[in-house]
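Novice: Got a structure here, written out as structure tokens. Questions coming.
Numbering (the numbering used here), first residue to last: 1 to 542.
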């Protein structure tokens, strides 16, 4: 009898389980992919199942319990093609048959050489675009390979500090050094050419490091009372947290950096007085000549106070108040500047409010966290408001800052204004020299809506960009996805004039530029009203 009961229990368990089988195919060629890891993931907290494809790209998983699942595959050479679909496993039903489509990643490979044509070993690579930043380095021969998602990218190369210096110019005593070089061979981010990386396509390129003349930076480091600050380290860098040139102030506070290339640079120093940490950070511009008489004045920290003001209608529950961050200015060239630029990294700046338990809410909150992490990487100071909306930002030092409230509260709230005192900010950044002027972050609920259709949207993305350049920054930028009928809707929009852009299908958003804005539709948003805007999808450019 016990053996009979065990057999019955085993049969019952098998009847409740099912087989899931299918194939993994290349979304570009349609060919099957062998040796691909496959995972069957439950919608709830049940057991996952994993296997790998055979030589014909086929996989088989037996004993899958009834429930809702998604199937995914993973490989360093491929990325999922679109979002995974949910499928049902039914006890006693027919085997589930699937096709998992994977997009072959582009390959950007090549070589970094110096002016002599020698391969540069240990050069640092930054590939910026498609909402992402990839980093790498060259091997001993100067070769490199990067595997990004499809999209448009800007590649820059930072020479190793110990690389042999350039050959001197004939009949010229100018000192030359290697400098950050953007593909195809320029020193300015604005002049760089975009590399279009397409699925499964190999781009083989060569980047030749540029040698440029240098000039000196000379100045003096002062204490808060104006007296010289001797024997303190001073750092010169493209941005906070990056490798820096260093100098030390002399007995009279004087300092010198003898070899600085053109561009925007950050000077920073720290000291201490009576247990209080003193700091200074100042941006300078090098433009073809020596820079003399720079004054760096150390300062003690101060506290900036402010309030998040929410317009709450009678009977409406109080929303969760966003945290507020002060994000220091980032230079024009480095990755912090790229992350801060909504046109370079649109996916990180068009952030929609979403409840944690709503569809996609977890992913949206993860994006919020990534944004905050990227801001905090740059030395941001953050605070969470109390129940009355009041907040304090301690340990702030004089400088230029972005004021960033994040994450956004749930609809119907929208960001109406960010103020210093009684003045609306007319730019994304503001100079803060003391805690005397409070910050106000104002949300309202009388926003308008924009609805419409997008021809062949294919679940693509619609972006709303204020035409007022003073509001083209995080908090005022809005986005939505098209539904299965190619319709979209964006509620809780601040009244004003907007550009409307639509991009068909899945995939990362392209980097934006003035050329794309010229292709955008235009729409007027009025308080409490819905505006209609039919759009045509714009090519993502890859």
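Beta carbons: idealized from backbone N, C-alpha and C, even for Gly.
Only a predicted model underlies this, so the values are computations on that prediction, with no experimental measurement involved.
(1) Counting along the chain, where does the alpha helix (DSSP H) carrying residue 518 start and finish?
(2) Nearest to residue 482 by alpha carbon, out of 532, 464, 457, 494?
(3) If you count every other CB in all the chains shown that lies within 10 Å of the CB of residue 248, and 16 or more means buried, which is it?
(4) Just the Cα atoms here: how many angstroms apart are residue 420 and residue 471?
(5) Start and end of the beta strand (DSSP E) containing residue 316?
(6) Taking the C-alpha atoms as reference points, what is the distance between residue 504 and residue 151?
(7) To the nearest angstrom, report how far apart residue 118 and residue 276 are at their CA atoms.
(8) Count the other C-beta atoms from every protein chain shown that fall within 10 angstroms of the C-beta of residue 202, then say buried if there are 16 or more, exposed otherwise.
(9) Grab the span of the beta strand (DSSP E) containing residue 108 for me, first residue to last.
(10) Write down the C-beta distance between residue 447 and residue 495 rounded to the nearest angstrom, noting that I regard them as a contact closer than 8 Å.
(11) From the DSSP output, which residues share a beta bridge with residue 488?
(12) Classify residue 206 as helix, strand or coil using the three-state DSSP reduction.
(13) Please go through the same chain and pick out, in chain order, the residues whose beta-carbon is closer than 7 Å to the beta-carbon of residue 88, but skip the five residues on each side of it.
(14) Quick check on DSSP: helix, strand or coil for residue 191?
(15) Compare the beta carbon distance of residue 324 and residue 441 with 8 Å and say whether it is the shorter of the two.
(16) Scan the stretch 16-93 and note each continuous alpha helix (DSSP H) run of 4 residues or more that stays entirely inside, going in chain order.
(17) Ordered along the chain, which non-local residues of its own chain (more than five positions away) have a Cβ less than 8 Å from that of residue 321?
(18) Looking at the unbroken beta strand (DSSP E) that takes in residue 307, where does it start and where does it end?
(19) Counting only the same chain and skipping the five closest in sequence on each side, list residues whose C-beta sits under 6 Å from that of residue 488.
(20) Buried or exposed: where does residue 359 fall if 16 or more other Cβ atoms within 10 Å of its Cβ makes it buried?
(21) When the Cβ atoms of the stretch 99-112 are set against those of the stretch 185-200, are three or more pairs found closer than 8 Å?
(22) Expressed to the nearest angstrom, what Euclidean distance is found between the alpha-carbon atoms of residue 331 and residue 239?
(23) In whole angstroms, what is the alpha-carbon distance linking residue 153 and residue 300?
(24) Would a C-beta distance cut-off of 8 Å place residue 181 and residue 207 closer than the cut-off?
(25) Under 6 Å Cβ to Cβ from residue 536, same chain only, skipping five residues before and after it: list those, please.
(26) What does DSSP give as the partner residue(s) for residue 103 in the beta ladder?
(27) Is it true that the CB of residue 177 sits closer than 8 Å to the CB of residue 259?
(28) Leaving out five residues on either side along the sequence, give the residues of the same chain with a beta carbon under 7 Å from the beta carbon of residue 97.
(29) With DSSP as the reference, label residue 436 as helix, strand or coil.
(30) In or out: residue 58 buried (at least 16 other Cβ within 10 Å) or exposed?
(31) Pull up the CB-CB distance for residue 19 and residue 61, whole angstroms please, since I reckon it's below 8 Å.
(32) Please report the distance separating the alpha-carbon of residue 532 from that of residue 80.
(33) Report all residues from its chain with a CB closer than 8 Å to the CB of residue 329; omit the five preceding and five following residues, and keep chain order.
(34) Rounded to whole angstroms, what is the Cα-Cα separation between residue 520 and residue 404?
(35) Just verifying my parser: in three-state terms, what is the DSSP assignment at residue 346?
Specialist: Straight from the coordinates:
(1) 514-518 is the extent of the alpha helix (DSSP H) around residue 518.
(2) Sorting 532, 464, 457, 494 by C-alpha distance to the C-alpha of residue 482 places 457 at the top.
(3) Exposed, since its Cβ has fewer than 16 Cβ neighbours within 10 Å.
(4) Taking the straight line from one Cα to the other gives about 15 Å.
(5) For residue 316, there is no enclosing beta strand (DSSP E), as DSSP marks it with neither H nor E.
(6) One C-alpha to the other measures close to 14 Å.
(7) Whole-angstrom Cα-Cα distance: 50 Å.
(8) When all chains shown are included, residue 202 counts as exposed.
(9) Residue 108: member of the beta strand (DSSP E) spanning 107-113, first to last residue.
(10) At roughly 7 Å, the Cβ-Cβ gap stays under 8 Å, so residue 447 and residue 495 are in contact.
(11) Answer is 452.
(12) Note: residue 206 maps to strand in three-state DSSP.
(13) If the five residues before and after residue 88 are omitted, its C-beta is found closer than 7 Å to the C-beta atoms of 68, all from its own chain and listed in chain order.
(14) Reduced to three states, the DSSP call for residue 191 is helix.
(15) For residue 324 and residue 441, yes; Cβs fall inside 8 Å.
(16) Correct list: empty.
(17) Answer for residue 321: 308, 310, 384, 385, 389, 409, listed in chain order.
(18) Its beta strand (DSSP E) spans residues 302-310.
(19) Non-local C-beta neighbours of residue 488 in its own chain, meaning closer than 6 Å and more than five positions away in sequence, comprise 462, 480, 482, ordered along the chain.
(20) A caution first: residue 359 carries a pLDDT of 49, below 50, which makes its placement in the model unreliable, though a value can still be read off. When all chains shown are included, residue 359 counts as exposed.
(21) Yes, since at least three Cβ pairs between the stretch 99-112 and the stretch 185-200 fall closer than 8 Å, the two stretches touch.
(22) Distance between the alpha carbons of residue 331 and residue 239: 6 Å.
(23) Their backbone Cα atoms lie some 41 Å apart in a straight line.
(24) With contacts defined by Cβ atoms closer than 8 Å, residue 181 and residue 207 form a contacting pair.
(25) 455.
(26) Under DSSP, residue 103 takes part in a beta bridge, and its partners are 79.
(27) Cβ distance < 8 Å, so residue 259 and residue 177 count as in contact.
(28) Excluding positions up to five away in sequence, the list reads 21, 22.
(29) If DSSP states are grouped into helix, strand and coil, residue 436 belongs with coil.
(30) Result: exposed.
(31) The C-beta separation of residue 19 from residue 61 comes to about 7 Å, placing the pair in contact by the 8 Å criterion.
(32) Roughly 34 Å separates the two Cα atoms.
(33) Closer than 8 Å at the Cβ level, and outside the excluded window around residue 329, lie 283, 399, 400, 401, 402, 429.
(34) Looking at the two C-alpha atoms, the distance is approximately 26 Å.
(35) Here residue 346 sits in helix by DSSP.
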